[in-house]
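The structure under discussion appears below in the form of structure tokens.
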Amino acid sequence: MLDSIINEFDKALKVLTVDTPAQRTRPDVDIKDSLSLTSKERKNHSKFMRVNHSGEICAQALYRGQLLFNKNTKIQKQLEDAATEELDHLAWCQLRIRELNGRTSYLNPMLYIGSFAIGSIASIIDEKYNLGFLSETEKQVSSHLENHLSKISTKDKKTIAIIKQMKEEEEKHEASAKLMGAKELPSFINEAMKLTSKIMTESTFRI
Ligand SMILES: [Fe+2]
Ligand SMILES: [Fe+2]
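In this note's numbering, the protein residues as written are -3 to 203.
In structure tokens form, the structure reads like this:
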């Protein structure tokens, strides 16, 4: 167990401090950056990507927390596959933020710790609720990505391509959690999650 904790600590530090290398090609690789974006649009888009980047930090922490206590090997494989895809999302967001001259959120270390704790607790309490929690998280992430797509200037085809690919994959993660037997969460938990997600998105847009 001590080895696993040290390993997790190392993973957390890497996610929070080192540039994450992407395993797959960026979805916007063949698209040229739009020179017609105004500085205001660039600034705003970098903030949307900052929110998405923080969402990916949370996803990483959530998956790691769940993996630490999960004992079901089938679930473990799915969690690991999804976590690997989320690492690409993290890398793509990081790079796009930099291209838009933005920065990542100062709240990320705090968000990582909180999400890791939630993932661990969910995993300890009940396997099926754990999956239910995961499926609901992915659903909420997809819906805020959809919301960002409606706010981003259509001129910024690069950012749009990244968000669309991420959204597709979050939907896939939600579906696979359901396939593995995710239990529907009590509605008060869904509501609490929506509220937390709203606070998270609004605060990382600014800080
Ligand atoms: Fe993601
Ligand atoms: Fe996801």
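By construction, the Cβ of each residue, glycine as well, lies at the ideal position given by its N, Cα and C atoms. Keep in mind that this is a model prediction, so the values were computed, not measured.
Along the chain, where does the alpha helix (DSSP H) that runs through residue i open and close?
i: S50; result: 35 to 65
i: P105; result: 104 to 121
i: K7; result: -2 to 13
i: A171; result: 153 to 175
i: T69; result: 69 to 95
i: T200; result: 183 to 202
Does ligand 2 have a heavy atom nearer than 7 Å to the CB of residue i?
i: V47; result: no
i: V11; result: no
i: H169; result: yes
i: E82; result: yes
i: E134; result: yes
i: A78; result: yes
I'd like to confirm something about residue i: is its beta-carbon nearer than 7 Å to some heavy atom of ligand 1, or not?
i: H85; result: yes
i: A55; result: yes
i: S137; result: Before going on, a small fix: residue 137 reads as Val here, not Ser. Flag set: Cβ of V137 near ligand 1.
i: E166; result: yes
i: E52; result: yes
i: A162; result: Strictly speaking, residue 162 in this sequence is Met, with Ala absent from that position. Because some heavy atom of ligand 1 lies under 7 Å away, the Cβ of M162 counts as near it: yes.
Report buried or exposed for residue i, applying the criterion of at least 16 other Cβ atoms within 10 angstroms of its Cβ.
i: N143; result: exposed
i: D15; result: exposed
i: L191; result: exposed
i: S35; result: exposed
i: T100; result: buried
i: N66; result: buried
i: L(-2); result: exposed
i: L86; result: buried
i: T123; result: Inspection of the sequence shows that residue 123 is occupied by Glu rather than by Thr. So E123 counts as buried.
i: A188; result: exposed
i: N97; result: exposed
i: E52; result: buried
i: I195; result: exposed
i: T13; result: exposed
i: R46; result: buried
i: S131; result: buried
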